[in-house]
Amino acid sequence: MDLETETLCPDAAGLARAAALLRTGALVAFPTETVYGLGGDARSDLAVARIFEAKGRPRFNPLIVHLPDLAAARAIARFDDHALRLAAAFWPGPLTLVLPLRPDAGISELVTAGLDTVAIRVPAHPVAQALLRAFGGPLAAPSANPSGRVSPTCAAHVIEGLGGRIAAVVDGGACGVGVESTILALNPPTLLRPGGLPAEALEQALGQPLATGGDAARPSAPGQLESHYAPGATVQLAMTQASADAVWIGFGPDCAGADLNLSATGDLVEAAANLFAMLRNADRIAKATGKARIALAPVPDHGLGRAINDRLRRAAAPRP
Ligand code: TXA
Ligand code: MG
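See the structure below:
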């Protein structure tokens, strides 16, 4: 594909242009509070097929449907009491719920991979909200990066990975959360992907611990994690000191000699927001200095640290 990818301002004219492109079945990347999404009309087989093609993504992987509010979401999926309670507590925000699909929802089977459930998210970012309202329909939107690579947290990252392959990107600046949404299935409540909403907050709202398990995109055997979020250089985890042949990304105050630091004060929220941009940055430093590895300091495994460690384990997984 060789498109002239437009960069649009998030003003009325830019959003109208983005909505018009989406109505033709074209792809438009847009900011959410987690990462930039690659949006396409979730009702259109052609638009959704273009998403898979632009990302080079395996087709069996189902996509998240983005909607402006709970009322729009209820037209697509069935909500029980638990789902309604979570939607009231955390939407709009970085929580995706996997719910029974309404048979008359009109969502492309390419979005759900033929499952009878659908993943629904109501993003909080004002530009995502404005685009969904201008478009007036459901948007399928995976992260706006080539499959397996680092997710984009600003418009320049989107252009770097998908420029020439998509119609446009709406530039809404840097994403605040920095890691993808938390994905939860219900009956029983099961954490499918740790993400921007800490699992502890869900457990508190539900009054019960979450089961963990079967992400459709993730092999269940440990050590068989799919390579994902991968920069060019090899990634090594749990490094506690600098090393001559690695770019070292620290976390917290005890990382003297680190090339970069996810959060010098040890703040997990700041670290999540910095994660993907720092992986890209470390990759550039590795290239420029001839270092073969990116090494990461240990990150505590609670709150947003769970999402950070999930992404880092995949970035470090063996490449195909
Ligand atoms: O933060 C985010 O969630 C970003 C931004 C752009 O909103 N979006 C995102 O979408 O990460 P995506 O399409 O990459 O997430 C797809 C994942 C699948 O890999 C799978 O884990 C889960 O959502 N998923 C989707 N539909 C599912 C279903 N019916 N059952 C189980 N998991 C599902
Ligand atoms: Mg992704």
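Residues 63 to 382 in my numbering are what the sequence shown spells out, letter by letter.
C-beta atoms are modelled at their ideal positions from N, C-alpha and C, and glycine is treated no differently.
- Checking the 7 angstroms criterion, the Cβ of residue 222 is out of range of every heavy atom belonging to the ligand MG.
- From the listed residues 188, 103, 186, 170, the smallest Cα separation to residue 180 is found for 170.
- Look at residue 207: its beta carbon is at least 7 angstroms from all of the heavy atoms in the ligand TXA.
- Assigned with DSSP and collapsed to three states, residue 347 falls in helix.
- Collapsing the DSSP output to three states places residue 188 in a helix.
- Residue pairing from DSSP places residue 128 in a beta bridge opposite 183, 201.
- The segment 71 to 143 contains, as complete beta strand (DSSP E) runs of 3+ residues, the segments 90 to 93, 98 to 103, 126 to 128 (chain order).
- Not one heavy atom of the ligand MG falls within 7 angstroms of the beta-carbon of residue 243.
- Contact between the segment 323 to 330 and the segment 372 to 381 is absent: fewer than three C-beta pairs spanning the two stretches fall below 8 angstroms.
- Within 7 angstroms of the C-beta of residue 112 there is not a single heavy atom belonging to the ligand TXA.
- In this structure the segment 318 to 326 does not touch the segment 242 to 249; the number of beta carbon pairs closer than 8 angstroms is below three.
- As computed with DSSP, residue 323 is found in a beta bridge with 312.
- Taking a C-beta distance under 8 angstroms as the contact criterion, residue 105 and residue 140 do not qualify as a contact pair.
- Residue pairing by DSSP places residue 164 in no beta bridge whatsoever.
- Here residue 119 is buried, its C-beta having at least 16 other C-beta atoms within 10 Å.
- Membership of residue 381 in any beta strand (DSSP E) is not indicated, and neither H nor E is assigned to it by DSSP.
- Residue 87 sits close to residue 109, with the two beta carbons spaced by under 8 angstroms.
- Straight across, the Cα-Cα distance linking residue 159 with residue 353 is about 41 angstroms.
- In this structure the segment 84 to 101 lies against the segment 218 to 230, because at least three pairs of beta carbons, one per stretch, are closer than 8 angstroms.
- Checking the 7 angstroms criterion, the Cβ of residue 289 is out of range of every heavy atom belonging to the ligand MG.
- Here the distance from the Cβ of residue 120 to the nearest heavy atom of the ligand MG is not below 7 angstroms.
- Between the alpha carbons of residue 154 and residue 305 lies a distance of about 43 angstroms.
- DSSP places residue 252 inside the beta strand (DSSP E), whose first and last residues are 252 to 255.
- A straight-line Cα-Cα distance of about 6 angstroms links residue 345 and residue 293.
- Within the DSSP bridge table, the entry for residue 355 names 296, 308 as partners.
- The residues 215, 216, in chain order, have a CB closer than 7 angstroms to that of residue 236 in the same chain once the five nearest residues on each side in sequence are set aside.
- Here the C-alpha atom of residue 187 lies approximately 10 angstroms from the C-alpha atom of residue 156.
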